[in-house]
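A.B. asks:
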Amino acid sequence: MNIGMFELQQLQALERPLVDAQQEAIRNHCERSAAMLREHGMSSEPWLDIVQDHHERPDDSGYPAHMPSR
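In structure tokens form, the structure reads like this:
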């Protein structure tokens, strides 16, 4: 389960293009997931980095930060 996407699940059922605010919410779900885990006591920075960066791609095309591979 992707906890940062939990509240956004209804967007997957839409039969129309997402508006900018909806796209932004999806792009920010990685950071939201890491923040939620921190709020609930997760303190392992390597683990939180994995959660936050799970959509980053080696070619810079990922999100949220468009970071190249480390």
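Numbering of the sequence shown is given in full-length UniProt numbering, commencing with residue 1 and proceeding in unit increments. We treat Cβ as the ideally placed atom computed from N, Cα and C, and that holds for glycine.
#1: For Ala21, count neighbouring Cβ atoms within 10 angstroms of its own Cβ and tell me buried if that reaches 16, exposed if not.
#2: Would you mind reading off the limits of the alpha helix (DSSP H) that contains Pro23?
#3: Would you call Gly41 buried or exposed, if buried means 16 or more other Cβ atoms sit within 10 Å of its Cβ?
#4: Given 8 Å as the limit, is there contact between the region 19-37 and the region 50-61, that is, 3 or more CB pairs closer than that?
#5: Compute the Euclidean distance between the alpha carbons of Leu14 and Pro68, then round it to the nearest angstrom.
#6: Does DSSP put Met67 in a helix, in a strand, or in coil?
#7: Excluding the five sequence neighbours on either side, which residues of its own chain have a C-beta within less than 7 Å of the C-beta of Leu8, listed in chain order?
C.D. replies: Put simply:
#1: exposed
#2: Going by the sequence as given, residue 23 is Gln instead of Pro. It spans Asp20 to Arg27 - the alpha helix (DSSP H) in which Gln23 sits, taken as one unbroken run.
#3: exposed
#4: yes
#5: Taking the CA atoms as reference points, Leu14 sits about 31 Å from Pro68.
#6: In the structure shown, Met67 sits in coil (DSSP, three-state: anything other than H, G, I, E or B).
#7: The answer, listed in chain order, is Ala25, Ile26 and His29.
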